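Engineer: This is the structure I have questions about; it appears just below.
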Amino acid sequence: CLICALANHHKVQYVLNTGQGFSGTPTKISTNTTATTNMAIGMNPLKPGESSESTWQPRPPGLIGLIADAVCEFEVLIMFMAVCVVLISLVPLLLKWSRPLKYITNKIWTLLGQPQDVAAKGIFDIPGPLSLPFLGSSWMYSRFGPFTRNKYHESNDSKYASFGPVVREEVLFNFPLIHLFEKADIENVIRNESEYPMRPPNEADVFYRRLRHDIYLNDGMVNLNGPKWHTLRSLLTPPLTNRKTLKSYSTQMNAIANDLMEHIQVERDNELGMVRDFKDLVYRTGLETVGTISLDRRMGFLHKEMNEETLLILESIKGYQTSSNEAMYGLPWWKYVPTRFSGVLTNLVYHKDNLFNAVGKIVDEALADERNNGSSYDDENSILKQLLKTPELDIRDVKASLVDYITAGVETIGNSIIFAISLIALHPKVQERLHQELDDSLRPGDDLTLEKINGLKYLKACILESFRMYPTASQIARILPQNTEVTGGYVLPMHSVVLCHQRLASLQDKNFTQAKKFAPERWMENSEVDFPVCERGLVFPFGAGKRICPGKRLAEQEIHVIVAKLFQKYSVTLVEEFQAEFNFLLTPSGSVPIRIRDRTLG
4 CLICALANHH
14 KVQYVLNTGQ
24 GFSGTPTKIS
34 TNTTATTNMA
44 IGMNPLKPGE
54 SSESTWQPRP
64 PGLIGLIADA
74 VCEFEVLIMF
84 MAVCVVLISL
94 VPLLLKWSRP
104 LKYITNKIWT
114 LLGQPQDVAA
124 KGIFDIPGPL
134 SLPFLGSSWM
144 YSRFGPFTRN
154 KYHESNDSKY
164 ASFGPVVREE
174 VLFNFPLIHL
184 FEKADIENVI
194 RNESEYPMRP
204 PNEADVFYRR
214 LRHDIYLNDG
224 MVNLNGPKWH
234 TLRSLLTPPL
244 TNRKTLKSYS
254 TQMNAIANDL
264 MEHIQVERDN
274 ELGMVRDFKD
284 LVYRTGLETV
294 GTISLDRRMG
304 FLHKEMNEET
314 LLILESIKGY
324 QTSSNEAMYG
334 LPWWKYVPTR
344 FSGVLTNLVY
354 HKDNLFNAVG
364 KIVDEALADE
374 RNNGSSYDDE
384 NSILKQLLKT
394 PELDIRDVKA
404 SLVDYITAGV
414 ETIGNSIIFA
424 ISLIALHPKV
434 QERLHQELDD
444 SLRPGDDLTL
454 EKINGLKYLK
464 ACILESFRMY
474 PTASQIARIL
484 PQNTEVTGGY
494 VLPMHSVVLC
504 HQRLASLQDK
514 NFTQAKKFAP
524 ERWMENSEVD
534 FPVCERGLVF
544 PFGAGKRICP
554 GKRLAEQEIH
564 VIVAKLFQKY
574 SVTLVEEFQA
584 EFNFLLTPSG
594 SVPIRIRDRT
604 LG
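All letters in the sequence shown, in the order written, are residues 4 to 605 by my numbering.
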């Protein structure tokens with residue numbers, strides 16, 4: 004509004020001072036109303052016999068005039084936007100004032116002898132970090148704040164320490180987001196899910212899918228809510244949860260793990276025994292695993308010389324994950340400008356298109372093979388073939404779901420493997436006991452079947468303990484289906500968005516004895532260490548409830564196979580300090596170099 008006023012002021016002053024309109028035509032101040040009006044707003048004054056429908060053709064005398072002219076041209080739009088912004092900014096203030104107003108109202112009713120209507124503490128009574136108009140608390144993750152986006156998990160530690168077990172954080176446009184750190188509150192949210200549990204969608208992914216509506220029929224299983232989510236999930240997940248599927252992929256998982264051991268042997272420095280870029284090797288192993296499971300073929304991600312198709316998929320996944328993280332946790336300008344003007348969205352669309360096209364090509368080849376060779380989709384152990392033979396699924400749904408499986412599985416498997424190996428390597432006594440169990444249960448070169456994995460109790464305890472301390476999905480988001488009371492007596496209204504921080508709850512001593520200590524023995528029955536046997540109420544690295552990751556059991560199987568094979572063959576130590584960072588998921592920071600030493604096997 005101020006800009007518009009200054010622009011008008013500039014134009015009127017120019018006319019009065021120079022005696023000419025913005026068109027540059029000399030004029031004399033006239034008492035004629037129409038002429039004066041036209042002149043005041045920058046139009047040429049009317050000449051004798053000229054119509055009042057004269058055209059304003061401004062030629063500003065300078066840059067200031069040009070800006071003023073442009074502002075006045077869009078004056079109504081600018082003032083409308085200004086009013087909208089002011090009204091939006093008043094909403095959180097009015098909500099914050101509502102409690103004092105209600106308190107004063109109740110006091111008045113008390114003085115008048117009328118019954119009170121004292122409400123429970125509401126969402127805006129919850130303490131939280133400083134929130135600015137429009138920006139909310141996003142300033143905390145900028146160059147002016149105490150945290151960066153890749154240290155988001157540390158900001159949650161700070162929120163819990165500063166404000167307690169329930170924290171309100173206002174995100175962009177001051178929308179309230181509630182953090183829950185108390186075990187009872189987290190379990191209450193998960194336990195009291197509705198028939199169709201709701202979670203906030205990935206807005207960037209939804210935007211992309213709607214932009215590419217020709218190849219995506221819907222927002223996707225991860226983003227959908229309600230009956231549509233349930234219908235799509237019931238069609239897409241059975242092949243992933245079938246026990247026969249787990250057994251059928253066991254041989255391929257062992258083969259991939261053996262390939263990783265060979266690459267470690269080749270990549271290590273013979274003098275120091277150091278594998279410098281261990282993280283990259285493990286991520287490519289995870290990608291090889293999910294690619295093999297999803298697409299029924301070895302993709303060659305562990306080869307030194309990857310073919311063009313494999314390299315394209317690898318680069319597309321990395322690019323998509325980076326741009327998706329920037330879109331979710333950065334300023335959302337991409338929502339309000341055309342795609343070509345947003346670098347984040349342009350990159351996201353480019354990489355996701357490449358990934359969809361690459362996966363779609365493989366699916367089309369499978370369809371062509373069925374038509375040309377008469378092969379059938381009756382192989383109930385193949386995820387791809389089971390999806391292709393589901394009549395209710397459109398081929399576009401099949402392609403989209405396979406892209407989702409691959410992008411979700413890569414970092415989930417890779418991060419979990421590195422966290423587990425790092426924690427075991429940091430604790431020599433744990434590693435020694437694991438070596439002993441593996442030596443007693445396995446012979447060199449043995450494949451790890453489901454039955455053998457179930458017999459490796461200490462290995463399973465090590466993996467579960469790493470899930471407790473470093474779950475790659477360190478928080479679970481939900482939209483509350485009903486009004487919910489949480490610790491402190493706060494009542495969260497229906498449809499509130501909450502983040503359940505199971506990792507931070509798992510690191511509290513009141514929930515786990517010596518919670519910050521890596522102790523697999525806490526999960527063992529009849530352990531010589533004095534730990535009470537724990538329940539798994541707070542350990543869900545793959546989500547919880549009805550929205551749990553459908554590939555959970557496949558991912559866990561591969562994690563156990565790789566960790567077992569590595570420690571069966573090598574003794575492992577870390578070269579650098581172990582740290583984590585946040586990149587949409589909780590991930591190990593750096594390249595995670597390790598030093599390995601061959602073990603003498605019986």
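Heads up, the beta-carbon is just placed ideally off N, CA and C, and yes, glycines get one too.
Values in this document were obtained by computation on a predicted structure and should not be read as measured data.
Which residues does DSSP list as the beta-bridge partners of R287?
Structural biologist: Paired residue(s): none; R287 is not in a bridge.
Engineer: Tell whether a beta-carbon distance below 8 angstroms holds between E614 and A361.
Structural biologist: The structure shown does not extend to residue 614, since the chain is modelled only from 4 through 605, so no value can be given for it.
Engineer: Could you give the DSSP three-state label for S319: helix, strand or coil?
Structural biologist: In the structure shown, S319 sits in a helix (DSSP, three-state: H, G or I).
Engineer: For I551, does the three-state DSSP call read helix, strand or coil?
Structural biologist: Note: I551 maps to coil in three-state DSSP.
Engineer: Tell me the DSSP secondary structure of F585 in three-state form.
Structural biologist: Residue state, collapsed to three classes: strand.
Engineer: Apart from the five residues just before and just after N486, which ones in its own chain have a Cβ nearer than 8 angstroms to its Cβ?
Structural biologist: Cβ neighbours of N486 beyond the five flanking positions: V494, L495, P496, M497.
Engineer: Please report the distance separating the alpha-carbon of I416 from that of A464.
Structural biologist: Rounded to whole angstroms, I416 to A464 spans 17 angstroms at the Cα level.
Engineer: Select from G593, L569, T295 the residue whose C-alpha is nearest the C-alpha of H266.
Structural biologist: When each option's Cα is compared against that of H266, the closest is L569.
Engineer: Using DSSP with H/G/I as helix, E/B as strand and the rest coil, what is L2?
Structural biologist: The chain is shown from 4 up to 605; residue 2 falls before or after that span and cannot be answered.
Engineer: Is the CB-CB distance between M224 and F587 below 8 angstroms?
Structural biologist: In this structure, F587 does not lie closer than 8 angstroms to M224 by Cβ.
Engineer: Are at least three pairs of beta-carbons, each pair with one atom in the segment 389 to 398 and one in the segment 444 to 460, less than 8 angstroms apart?
Structural biologist: Touching, no.
Engineer: Mapping DSSP to helix, strand and coil, what is P333?
Structural biologist: The sequence shown places Gly at residue 333, not Pro. If DSSP states are grouped into helix, strand and coil, G333 belongs with coil.
Engineer: Pop quiz: E440 and L459 are said to be a contact at Cβ under 8 angstroms. What is the actual Cβ separation, rounded to whole angstroms?
Structural biologist: That pair is a contact at about 6 angstroms.
Engineer: Decide if F304 is buried, meaning its Cβ has at least 16 other Cβ atoms within 10 Å, or exposed.
Structural biologist: Classification of F304: buried, given that the 10 Å Cβ count is 16 or more.
Engineer: Thinking C-alpha only, which one of D449, G289, P484, L510 is nearest F470?
Structural biologist: Residue L510 is the option with its Cα nearest to F470.
Engineer: For V278 versus I597, is the C-beta spacing smaller than 8 angstroms?
Structural biologist: Against a cut-off of 8 angstroms, the Cβ pair of I597 and V278 comes out as a contact.
Engineer: Do you know whose CA, among I599, D407, R602, I562, lies nearest N257's CA?
Structural biologist: Out of I599, D407, R602, I562, I562 has the C-alpha closest to the C-alpha of N257.
Engineer: With which residues is A480 paired in a DSSP beta bridge?
Structural biologist: Note: A480 sits in a beta bridge opposite L502.
Engineer: Here's the rule: buried if 16 or more other CB atoms are within 10 angstroms of the residue's CB, otherwise exposed. What is W232?
Structural biologist: Its Cβ being crowded by 16 or more others within 10 Å, W232 is buried.
Engineer: Would you please state the rounded distance, in angstroms, between the beta carbons of N153 and F585? I believe it to be under 8 angstroms.
Structural biologist: Their Cβ separation, rounded to whole angstroms, is 5 angstroms, which keeps N153 and F585 in contact under 8 angstroms.
Engineer: CB-CB under 6 angstroms to G148, same chain, minus the five flanking residues each way: which ones, in chain order?
Structural biologist: Here the set comprises W142.
Engineer: Can at least three beta-carbon pairs, one atom from the segment 182 to 197 and one from the segment 314 to 324, be found at a separation below 8 angstroms?
Structural biologist: The segment 182 to 197 vs the segment 314 to 324: no contact.
Engineer: Mapping DSSP to helix, strand and coil, what is T248?
Structural biologist: Here T248 sits in helix by DSSP.
Engineer: Between S327 and the ligand ZN, is the CB less than 7 angstroms from at least one heavy atom?
Structural biologist: Looking at this structure, you won't find the ligand ZN or any other ligand, since it has none at all.
Engineer: For the candidate residues P335, A403, Q582, whose alpha-carbon lies nearest to that of H216?
Structural biologist: When only C-alpha atoms are compared, the closest one is A403.
Engineer: Looking at the strands, I want to know which residues DSSP matches up with L135.
Structural biologist: In the DSSP output, where bridge partners are listed per residue, L135 has G139.
Engineer: Assess contact between the segment 338 to 345 and the segment 356 to 373, defined as three or more Cβ pairs (one per stretch) separated by less than 8 angstroms. Is contact present?
Structural biologist: At 8 angstroms Cβ cutoff, the stretches do not touch.
Engineer: Using the beta-carbon count (16 or more within 10 Å), is A558 buried or exposed?
Structural biologist: So A558 ends up on the buried side.
Engineer: Please report the distance separating the alpha-carbon of F150 from that of V170.
Structural biologist: Using only the alpha carbons, I get a separation of about 17 angstroms.
Engineer: Are the CB atoms of F166 and G131 nearer to each other than 8 angstroms?
Structural biologist: Taking 8 angstroms as the Cβ cut-off, F166 and G131 qualify as a contacting pair.
Engineer: Output the boundary residues of the beta strand (DSSP E) element that contains D222.
Structural biologist: No beta strand (DSSP E) contains D222, which DSSP labels as neither H nor E.
Engineer: I need the DSSP call for K519, collapsed to helix, strand or coil.
Structural biologist: Here K519 sits in coil by DSSP.
Engineer: From F184 to Y163, what distance separates their C-alpha atoms?
Structural biologist: Going from the Cα of F184 to the Cα of Y163 covers about 7 angstroms.
Engineer: Compare the Cα-Cα distances from A518 to each of E528, G548, F176, R506 and report the closest residue.
Structural biologist: Cα-wise, what sits closest to A518 is R506.
Engineer: For M302, is the classification buried or exposed, using 16 other Cβ atoms within 10 angstroms of its Cβ as the cut-off for buried?
Structural biologist: Buried, because 16 or more other Cβ atoms sit within 10 Å of the Cβ of M302.
Engineer: Would you mind giving the Cβ-Cβ distance between T475 and S419, rounded to the nearest angstrom? I have them listed as a contact below 8 angstroms.
Structural biologist: Correct: roughly 6 angstroms between the Cβ atoms.
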